[in-house]
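A.B. asks: Provided herewith is a single structure, encoded as structure tokens, for subsequent inquiry.
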DNA sequence: CCTTATCCGTGCGCTACCGCACATATTAAT
DNA sequence: ATTAATATGTGCGGTAGCGCACGGATAAGG
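This is the structure in structure tokens:
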């Protein structure tokens, strides 16, 4: 099982806390209080940030990685609940008071994140300033994503769900390709691997994506959005409304290594 | 379309704000600040508390009614996201800062609720006292419910989902029967009415429920829980963990009229 | 270069659920 | 009592997705 590990010479990686949109949106005084306690960590594919029911030690702020919050059922099958990228953070339950959740957090796309010990984050949270306000709005954005996931699971085809998933992931990577096997996508969506293969094949036939062995490239994004169900745009526009700090406007974005 | 309407002689209805577990759990000083601004309202079946995207005017605290938060798709089909009864309140987005949500709130089971103008609730919320803490924990409980709804939609049969839905509803009614047509249940679950008919038929054959024309009675609750998927117990135990104020311990429960 | 592991394609029978159509039963309205 | 409205039962063809079992293709390692 891959592990999250510290990175020593952070400068070399061109990483800055402000590459996370949430951190970037915080007023300077708060940044100055928090950033000294942040440590840069590498987030390898498959790393488990926390298990269901486990008290979380850290809050993670992705810069260029993606983390899936997913639920694992008794029989082992999974379902993704929501996705976190450089738009937000992992560890909401620490702030909400529950300390743990019924889902687990897993790195879905390799990259980096800054993390801070939970209690320090909580301390700032308890000052009831801008961090509280922003975190609450982000919580609502997460809720929107979960709700839409429930809807999409109920009503839409695997192909449509794949489109939604691709778009949500790409928005958090600021890139037109992602490194991800169909097997893993199937785990996220909670469907068969073969189902993803078929859907991907159809998307390829339509000229929307290219892929091979764990790499997917979007060749026609407008078409992808057209094929996708409404679920993506609902989440997207609601997130933009709730978090007007515009993660996509951060200019010193982390580049994949 | 049924409307929420004020109730004048509240005493006659045996209604008290403390019949809502969330309100009951608040410390007395907060109760004394809030309760004078609460008004008792009747909540008829089908009443719409708020529409998607609409800024909510009030926060509702059910005493003996049930409210569904559900998403309506572009094509009109629906999916229930979560359920609120006397364990919590409707209007979280007002406190979170978003003011509106992408879902709508609809009365699923007739009864009463206390409501308060959103701004007053927000004022107390902004004092950053116990109300904030409790509301955040309740928010996490709601999140858990949404997440589990997504999982259940993905992996479980209509029969299992019906069991989950029945159990969640009954917990909020403190009763062994509920007034609800199969058509409405189908809308909540986002499935065909016929699917609910079949599932209900099977549950009846197993001796778990009795029903006729809009009334469902649970005759063997332990068996119902046994048939149900894990989703119910996950939500239940997590909610109990997060909200130890024990809604079921309120003794002056509102009785159906 | 050859083996091995990983990833993707494909076919097949099966089941749950869908959409539709229509029959029946119960309550409500005149 | 008759009609209307509502609620539930049932049947049927169609299909999306599942579980399974392969077979081929591509990368990785000695």
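Protein chains in written order, with the UniProt record's numbering: chain A, 1 to 257; chain B, 1 to 257.
Backbone N, C-alpha and C fix where the C-beta goes; we use that ideal spot for every residue, glycine too.
Would you list the residues sitting across from residue 40 of chain B in a DSSP beta bridge?
C.D. replies: B:114, per the DSSP bridge assignment.
A.B. asks: Leaving out five residues on either side along the sequence, give the residues of the same chain with a beta carbon under 7 Å from the beta carbon of residue 71 of chain A.
C.D. replies: Here the set comprises 78, 79, 81, 102 and 103.
A.B. asks: Distance, Cα to Cα, residue 236 of chain B vs residue 29 of chain A?
C.D. replies: Distance between the alpha carbons of residue 236 of chain B and residue 29 of chain A: 41 Å.
A.B. asks: Using 10 angstroms around the beta-carbon of residue 205 of chain B, count the other beta-carbons present and answer buried if the total reaches 16, otherwise exposed.
C.D. replies: Exposed: under 16 other Cβ atoms inside 10 Å.
A.B. asks: Is residue 169 of chain B helix, strand or coil when you go by DSSP?
C.D. replies: The answer is helix: DSSP assigns residue 169 of chain B an H, G or I state.
A.B. asks: Does chain A have any CB closer than 7 Å to the CB of residue 96 of chain B?
C.D. replies: It does: the Cβ of residue 96 of chain B has a partner Cβ on chain A nearer than 7 Å.
A.B. asks: Taking only beta carbons into account, state which residues of the segment 145 to 157 of chain B come closer than 8 Å to chain A, listed in chain order.
C.D. replies: Those residues of the segment 145 to 157 of chain B that come within reach of chain A (Cβ to Cβ, closer than 8 Å) are 146, 147, 148, 149, 150, 151, 153, 154 and 155.
A.B. asks: 7 Å is my cut-off, CB to CB: does residue 136 of chain A come that close to chain B?
C.D. replies: Yes, residue 136 of chain A counts as interfacial toward chain B.
A.B. asks: How would you list, in chain order, the residues of chain B whose beta-carbon sits under 8 Å from the beta-carbon of residue 18 of chain A?
C.D. replies: Those within 8 Å of residue 18 of chain A in chain B number zero; the least Cβ separation is about 22 Å.
A.B. asks: Closest Cβ-Cβ distance between residue 242 of chain B and chain A: below 7 Å?
C.D. replies: It does; some Cβ of chain A falls within 7 Å.
A.B. asks: Between which residues of its own chain and residue 35 of chain B is the CB-CB distance below 7 Å, once the five residues before and five after are set aside?
C.D. replies: For residue 35 of chain B, where only same-chain residues beyond five positions count, the Cβ hits under 7 Å are 17.
A.B. asks: Give me the Cβ distance between residue 112 of chain A and residue 64 of chain A, rounded to the nearest whole Å; I'm assuming they're in contact under 8 Å.
C.D. replies: Indeed, because the Cβ distance is near 6 Å, the residues count as touching under 8 Å.
A.B. asks: For a test of the three-state rule: what should DSSP assign to residue 78 of chain B, helix, strand or coil?
C.D. replies: It is a strand residue.
A.B. asks: Using the beta-carbon of each residue, which ones in chain B are nearer than 8 Å to residue 93 of chain A?
C.D. replies: What residue 93 of chain A touches in chain B: 140.
A.B. asks: Since residue 138 of chain B contacts residue 20 of chain B with CB under 8 Å, what's their CB separation in whole angstroms?
C.D. replies: In fact, because the Cβ distance is near 11 Å, the residues do not count as touching under 8 Å.
A.B. asks: Would you call the CB atoms of residue 199 of chain B and residue 159 of chain B closer than 7 Å?
C.D. replies: Yes.
A.B. asks: If I measure Cβ to Cβ from residue 146 of chain B and keep anything under 6 Å in the same chain, skipping five residues before and after, which residues do I get?
C.D. replies: Excluding positions up to five away in sequence, the list reads 81 and 82.
A.B. asks: Determine which residues of the segment 207 to 235 of chain A have a Cβ less than 8 Å from any Cβ of chain B, and write them out in chain order.
C.D. replies: Of all residues in the segment 207 to 235 of chain A, 230 and 234 have a Cβ within less than 8 Å of some Cβ in chain B.
A.B. asks: Determine the chain B residues that contact residue 102 of chain A at a beta-carbon separation under 8 Å, and present them in chain order.
C.D. replies: Within chain B, the residues near residue 102 of chain A are 144, 147, 148, 234 and 238.
A.B. asks: Report yes or no: is there a C-beta of chain A within less than 7 Å of the C-beta of residue 190 of chain B?
C.D. replies: It does; some Cβ of chain A falls within 7 Å.
A.B. asks: Which residues of the segment 61 to 78 of chain B have a Cβ closer than 7 Å to any Cβ of chain A? Give them in chain order.
C.D. replies: Those would be 71, 73, 74 and 77, in chain order.
A.B. asks: For residue 57 of chain B versus residue 118 of chain B, is the C-beta distance shorter than 7 Å?
C.D. replies: For residue 57 of chain B and residue 118 of chain B, yes; Cβs fall inside 7 Å.
A.B. asks: Taking 6 Å as the limit between beta carbons, can you name the residues of its chain near residue 171 of chain A, skipping five residues before and five after?
C.D. replies: None.
A.B. asks: In angstroms with no decimal places, state the Cα-to-Cα distance between residue 87 of chain B and residue 135 of chain A.
C.D. replies: If you take the alpha carbons of residue 87 of chain B and residue 135 of chain A, they lie about 24 Å apart.
A.B. asks: Write down every uninterrupted run of the beta strand (DSSP E) in the segment 123 to 162 of chain A whose length is 3 residues or greater and which is fully enclosed by it, in chain order.
C.D. replies: With a minimum length of 3 residues, no continuous beta strand (DSSP E) run stays inside the segment 123 to 162 of chain A.
A.B. asks: Give the range of the beta strand (DSSP E) segment to which residue 107 of chain B is assigned.
C.D. replies: 104 to 109 is the extent of the beta strand (DSSP E) around residue 107 of chain B.
A.B. asks: Does chain A have any CB closer than 7 Å to the CB of residue 14 of chain B?
C.D. replies: No - not a single Cβ of chain A is within 7 Å of the one on residue 14 of chain B.
A.B. asks: Nearest chain A C-beta to residue 185 of chain B closer than 7 Å, yes or no?
C.D. replies: Not an interface residue.
A.B. asks: Assuming residue 73 of chain B contacts residue 230 of chain A (C-beta within less than 8 Å), just tell me the rounded distance between them.
C.D. replies: Going by Cβ atoms, the distance from residue 73 of chain B to residue 230 of chain A rounds to 7 Å, so yes, they are a contact pair.
A.B. asks: For residue 124 of chain A, which option in A:188, A:240, A:211 and A:26 has the closest C-alpha, if you only look at C-alpha atoms?
C.D. replies: Per the Cα distances, A:26.
A.B. asks: Given that a residue counts as buried once 16 or more other Cβ atoms are within 10 Å of its Cβ, and exposed if not, what is residue 185 of chain A?
C.D. replies: Residue 185 of chain A is buried by the Cβ-count criterion.
A.B. asks: On a Cα-Cα basis, can you pick out the residue from B:99, B:193, B:179 and B:178 that is closest to residue 144 of chain A?
C.D. replies: Closest option to residue 144 of chain A, Cα to Cα, is B:99.
A.B. asks: My parser needs the alpha helix (DSSP H) runs of 4 or more residues fully inside the segment 188 to 257 of chain A; what are they?
C.D. replies: Runs found: 193 to 205, 221 to 227 and 230 to 242.
A.B. asks: Taking the alpha-carbon positions, what's the residue 173 of chain A to residue 42 of chain A distance?
C.D. replies: Rounded to whole angstroms, residue 173 of chain A to residue 42 of chain A spans 16 Å at the Cα level.
A.B. asks: Residues of chain B with a CB under 7 Å from the CB of residue 128 of chain A: which are they?
C.D. replies: In chain order: 128.
A.B. asks: Bridge partners for residue 30 of chain B per DSSP, in chain order?
C.D. replies: DSSP, once it has assigned bridges, lists no residue as partnering residue 30 of chain B.
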